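Colleague: This is the structure I want to talk about, given as structure tokens.
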Amino acid sequence: MVSATSQAPAGAPLVQTNVDYDPNVVIDTQNLTKVYSDFWGRSKVRALKGLDLEVRKGEVFGLLGPNGSGKSTTIKLLLGLLFPSGGRATIFGKPTTEVSKNERIGYLPEESYLYRFLTAEETLDFYGRLFDMPSDLRRERAAKLIEKVGLKWARRRPLREYSKGMTRRIGLAQALINDPDLVMLDEPTSGLDPLGTREMKDLILELKEQGKTVVMCSHLLADVQDVCDRIAILYQGELKEMGRVDELLEVTNQQQIRVEGLTKDAQAKIAEILAQSGGKMLDVSSPKNTLENLFLDIIRESQARPGARGIIGSGDDNGGR
Amino acid sequence: MVVEEFRSFSDWLLTEGALLTFVFVAAFCAVTGLLLGFLVSSFRHGPGEAFYAVSQTVFQAVPDAFGMKFRRIWAIGRLAMKENFRLFLVTLIIFVTSLAVAGWFIGGGGKYPERSYVSFLFFAAQILISIFAVLVSAFSLPNDILSKTIYTVVTKPVRASEVVLGRFVGFAVLGTVLLTFVGALSYVFMVRGINHTHELSEEITADKWLPIVDGFTPDGRRPFDPRAVFESTVLTTRNNDHVHRIAIVVLDDGTFDVVADETAGHTHSVEVVETDPETQRPKVVSFGPPRGNLRARQPIYSTPRGDLPALSLTDENGALNNGVNVGEIWDYHKYIQGGTQATATFRFSGITPQRFANTDSVNVDLNLAVFRTHIGDLRRRIEAEIELRNVVDVAETETAQVKSVKIPFETEEFKVQTLTIPRKLKNGTIRTVGQPDQVNQEFDFFEDIVPNGELDLVVRCIDQKQYLGVARASIYFHAGDSSFGWNYLRGFLGIWAQMLAIIALSVALSTFLKGPVVLIGSVGVIVFGYSAKFILFVADSVIGGDRLADVWGGGPTEALYRLVTQMNLQHPLPIGLGSDIIEFVDAKVLLPGMKSLSFAVPRFENFNLANYLAYGYAIDNHMLMINLTTAFAFAVGMLIIGYFCFKTREIAAA
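Sequence order for the protein chains is F and L. Going by the working numbering, the residue at position 132 of the first sequence is 132; the numbering climbs one at a time, nothing skipped. In the working numbering, each residue carries its 1-based index in the second sequence increased by 1000.
Structure (structure tokens):
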């Protein structure tokens, strides 16, 4: 029953009026720009500069960038918390200011901005009501989600008594209360212990298996590397890199050979006599960089040479990393 | 009780232009809002984009209005209630504490203790509920935005209209529950404080009953009940800071009745427990609970009839005038001269047997003022008479008969005096055009005097050189009493209406301002609403240019100048450019603006209906309807403004 109600509730079906809408594209931004202005309308900060982004159905998409790079601004623009200064953005083919799009979205903010005087059950009941869910469905989903995030033992305690990790868990539960098609996670593993982090990553992969689309921002690059299919790296409001994680991390001008059962002599002379050594070749491939190295390289390069950069996903040659 | 406004709901809505004012203010706000939105948007995105943005916002209001879901509104309302439950408890505790402290000071003493109770309780309830309403609604949404908890709400399929309305509903329900507690507690507090009984201070022996001779007691005093044949010198015990005297009255069937005098605004039922076997007069009596202090009289006031006013005065020559000026600045009462043919005519309609439950008598309540030019006989009150006259169109037929009955009475000042008019009237006069008067006629009040429900009541003052003061509310037919408890509840409806207006105002302001600013803004608007009458008065006199005649000190800028320079209010401003600028700013900018604004803000003092209760009158239905309609109209306007402000606000930009 839970999985069957991921669409709009009965009586309020989502009507798709955008004729150009591709159902496989969940998020689409074109030249999305955000300029923060002061009281008098004077430009203060150009937080996002012409972002072109496309997130496809069923993928786990990561937004990376240092502080102030425009990640949160992008998420807020997509959720309608901010209004764009230029360009356009659609989610499920609808403008981001349209309320009905939220029926298919689950959002976990970077801090769990929840009402601390409510208990876990009351919290989920409240957010369930906001989705206009009937009471039996709210109860059923709340019970399942509380169990899923491991808070059954604390479900009747007010959130003010929760630790940060527990608050993140209940925050995740509220993001999933409507069984969303698109889950937007802002720093999902922040505040979680290693076990909790592992569970969160498993959950993201589980959501992917269920066909959900996940968009996440994170500073924890290892987490992103573990779960994301594609990533975009933002720096100072500009998109610096976007593509599949495995492609981005591939060092294309080098090869690595994995062998097994070599003698010590052969190991010493492996560079010259690999073919005659008698060893069994297992794999020849390019070595992988770490995401951390990639990220730092891009940031350093951007600092040294400001401006747009060739993007691997867009077909530009990214050189030999 | 002073009643200056006699307006029906329909008169207020249509004739006085309340509906028109609402439409005008709404249209003004709409045009201003659109223009402002367009200008701001043009400044940022250019006129083309601005037109699109404004149009989109306006058109989205339609689905946002009709697409609201009760479950979401109620969810947000419940959240608002839970969030403020602690403040609810604190407010209730403060009120209970204030009752406990007030009990030491109010007590049951004084001439009319119920007035002290009602005034205090309504004042306390009104202040407390207003503060509660402002506090809960001023900080809730700004705190949500500040703590970013609003992010998890507006990223759900929640419309801006639901966020605004949900909060209003939540605060309104919480406030209503609080008001219910406050009302119930205060009612119990008042009834318990006023309720009491007495005992005899000593046994009434035969020598304690003093006979009434020629309408006077042996010590030359008038008895408190004109029907009394004996008054006892024995007083009751002193309870609630007062004592009563008792008297024996002979009833029509020859039996005795014992009555207690009216002290502290009430009397008591008296039951004879034991009779003196020798004199057959009551010896031991017991007293019931107080009667007559917690009342809700249902008055039928005089009303205009065609072109004729509800009350008109004539001088000694029969010419219409505005009464005699006896030198009072406040001209609520109009005076007629005694010992002359000067009259005050009250025109009544709707005097039907059904409204008086077909009783054998009809009560007329008098609340007259007296102006004495000489002291006269101190033991005598001013004598006057009323004449009840049927209403016929004499010009229509020559046989039309004017039937009238004169009823003399002595005025009792500073209290509501009741004249009981028997249904069967004697000594009536029939006057027919061209025929001699027929006197000593017997009339049936309903069949002969008010066959069509209409009646002229003419008042004359008999005593020479004394003056009788009348106002429209001075004389009314008293069609029974309604329940005081029900009236009390209706009084609290006034406070409830005010609470709704304040909540809507604060919620609307909280959609675009920070909590402390909302608090100051709300208090400012409330003070402005309370001062609206004065602002209009100042504006009219200053803008009209005749300010020396009406108002000292000028408008706000001039007042500020005088305050800073410590200049006397009556001293004219020095002639020069500075004074010209001050007067220009006041007369052409500030006061016209304030005057316009005063039409958009409710007159908050009108929500206080405590006077009706304190003086024992049923709250006028029309007044209640006007209050409720004003509050609802203001609340709807504020919520619409709040919706557009929230809708166009970048939540995450705060």
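The beta-carbon is built from N, C-alpha and C at its ideal position, and this holds for glycine as well. Remember, it's a predicted structure, so these values are computed and weren't measured experimentally.
What residues of chain F sit near Ile1651/L, judged by a beta carbon separation below 9 Å?
Modeller: Ordered by position in chain F, the residues that pass the 9 Å Cβ test against Ile1651/L are Lys76, Gly80, Leu81 and Leu82.
Colleague: Tell me whether the stretch 118 to 135 of chain F and the stretch 180 to 193 of chain F touch, counting them as touching only if at least three CB pairs, one residue from each stretch, are closer than 8 Å.
Modeller: In short, these stretches do not touch, since the Cβ pair count stays below three.
Colleague: Beta strand (DSSP E) containing Phe61/F: first to last residue?
Modeller: Taken as a continuous stretch (DSSP letters only), the beta strand (DSSP E) holding Phe61/F covers Val60 to Leu64.
Colleague: Is it buried or exposed, Asn1084/L, if we count other Cβ atoms within 10 angstroms and call 16 or more buried?
Modeller: By the 10 Å Cβ count, Asn1084/L comes out buried.
Colleague: Identify the contact partners of Glu1605/L in chain F, using a Cβ-Cβ distance below 9 Å as the criterion.
Modeller: Residues of chain F passing the Cβ test: none, with the nearest at roughly 37 Å.
Colleague: If you check the beta carbons only, do Ala1197/L and Gly1288/L fall under 8 Å apart?
Modeller: A small fix is needed here, since residue 1197/L is Thr in this sequence, not Ala. Yes, these two residues count as a Cβ contact at 8 Å.
Colleague: Of all Cβ atoms in chain F, is any one closer than 8 Å to the Cβ of Asn1079/L?
Modeller: The sequence given here has Leu at residue 1079/L, not Asn. So, interface residue.
Colleague: By how many angstroms is the C-alpha of Arg1071/L removed from the C-alpha of Phe1181/L?
Modeller: Distance between the alpha carbons of Phe1181/L and Arg1071/L is about 27 Å.
Colleague: Would Ser100/F count as contacting chain L if we go by Cβ distances under 8 Å?
Modeller: Ser100/F counts as touching chain L.
Colleague: Please give the ranges of any alpha helix (DSSP H) in the stretch 1593 to 1642 of chain L, keeping only runs that are unbroken, at least 4 residues long and fully inside the region.
Modeller: Fully enclosed alpha helix (DSSP H) runs of 4 or longer: 1610 to 1614.
Colleague: How would you label Ala1618/L, buried or exposed, when you count the other beta carbons within 10 angstroms and need 16 or more for buried?
Modeller: Buried: at least 16 other Cβ atoms inside 10 Å.
Colleague: Is Ala1653/L buried or exposed, if buried means 16 or more other CB atoms sit within 10 Å of its CB?
Modeller: Ala1653/L comes out exposed.
Colleague: Please list, in chain order, all residues of the same chain as Pro1451/L whose beta carbon is under 8 Å from its beta carbon, the five residues on each side excluded.
Modeller: Once the five neighbours on either side are set aside, the close Cβ partners of Pro1451/L are Asn1390.
Colleague: Identify whether Val1272/L lies in helix, strand or coil by the three-state DSSP scheme.
Modeller: Correct three-state label for Val1272/L: strand.
Colleague: Distance cutoff 8 Å, beta carbons only. Does Val1169/L sit that close to anything in chain F?
Modeller: No - not a single Cβ of chain F is within 8 Å of the one on Val1169/L.
Colleague: Taking Arg244/F as part of the beta strand (DSSP E), name the residues at either end of that continuous run.
Modeller: Looking at the DSSP string, the run of the beta strand (DSSP E) that includes Arg244/F is Glu238 to Arg244.
Colleague: What is the rounded straight-line gap between the Cα of Leu1308/L and the Cα of Val1405/L?
Modeller: When rounded, the distance between both Cα atoms is 22 Å.
Colleague: Is the CB of Arg46/F under 8 Å away from at least one CB in chain L?
Modeller: With 8 Å as the cut-off, Arg46/F does not count as an interface residue toward chain L.
Colleague: Any Cβ of chain F within less than 8 Å of the Cβ of Lys1148/L?
Modeller: Taking Cβ atoms only, chain F reaches closer than 8 Å to Lys1148/L, which makes this a yes.
Colleague: Of the residues Arg56/F, Val60/F and Leu114/F, which one's Cα is nearest the Cα of Thr90/F?
Modeller: Comparing Cα positions, the closest option is Arg56/F.
Colleague: Does the beta carbon of Glu129/F sit closer than 8 Å to a beta carbon anywhere in chain L?
Modeller: Before going on, a small fix: residue 129/F reads as Arg here, not Glu. Yes, Arg129/F counts as interfacial toward chain L.
Colleague: What residues are listed by DSSP as bridge partners for His1242/L?
Modeller: His1242/L pairs with Asn1239/L.
Colleague: What is the DSSP secondary structure of Asn1487/L, counted as helix, strand or coil?
Modeller: Reduced to three states, the DSSP call for Asn1487/L is helix.
Colleague: Going by beta carbon distance, what residues of the same chain come within less than 6 Å of Leu1609/L, once the five residues before and after it are set aside?
Modeller: Around Leu1609/L: Gly1491, Gly1494 and Ile1619.
Colleague: Just confirm the distance between the C-beta atoms of Ile1246/L and Val1270/L, as a whole number of angstroms; I'd bet it's less than 8 Å.
Modeller: That pair is a contact at about 6 Å.
Colleague: Cβ of Ile105/F less than 8 Å from any chain L Cβ?
Modeller: Closer than 8 Å to some Cβ of chain L, the Cβ of Ile105/F qualifies, so yes.
Colleague: So Ala1102/L packs on Phe1120/L, CB below 8 Å; how close in whole Å?
Modeller: That pair is a contact at about 6 Å.
Colleague: Between the Cα of Val1459/L and the Cα atoms of Ile1382/L, Ala1030/L, Phe1584/L and Ser1201/L, which residue gives the shortest distance?
Modeller: Cα-wise, what sits closest to Val1459/L is Ile1382/L.
Colleague: For a contact meaning CB atoms closer than 8 Å, what does Asp132/F contact in chain L?
Modeller: Those within 8 Å of Asp132/F in chain L are Lys1069, Arg1071, Arg1072 and Pro1157.
Colleague: Going by CA-CA distance only, name the one from Thr1565/L, Phe1537/L and Ala1501/L that's closest to Phe1171/L.
Modeller: The option with the nearest alpha carbon to Phe1171/L is Ala1501/L.
Colleague: Mind the definition here: the stretch 1260 to 1277 of chain L touches the stretch 1323 to 1343 of chain L only if three or more C-beta pairs lie below 8 Å; say whether that holds.
Modeller: At 8 Å Cβ cutoff, the stretches do not touch.
Colleague: Sort Glu1262/L, Arg1159/L and Pro1602/L by Cα distance to Pro1290/L and report the nearest one.
Modeller: Of the candidates Glu1262/L, Arg1159/L and Pro1602/L, the one whose C-alpha sits nearest the C-alpha of Pro1290/L is Glu1262/L.
Colleague: Out of Ser1042/L, Ile1430/L and Val1023/L, which has the shortest C-alpha to C-alpha gap to Val1439/L?
Modeller: Comparing Cα-Cα distances from Val1439/L to each of Ser1042/L, Ile1430/L and Val1023/L, the minimum goes to Ile1430/L.
Colleague: Arg1159/L by DSSP, collapsed to three states: which one?
Modeller: Correct three-state label for Arg1159/L: coil.
Colleague: Which residues of the stretch 162 to 190 of chain F have a Cβ closer than 7 Å to any Cβ of chain L? Give them in chain order.
Modeller: Cβ contacts with chain L come from Gln174.
Colleague: Say whether chain F places a C-beta atom closer than 8 Å to the C-beta of Val1173/L.
Modeller: Taking Cβ atoms only, chain F never reaches closer than 8 Å to Val1173/L, which makes this a no.
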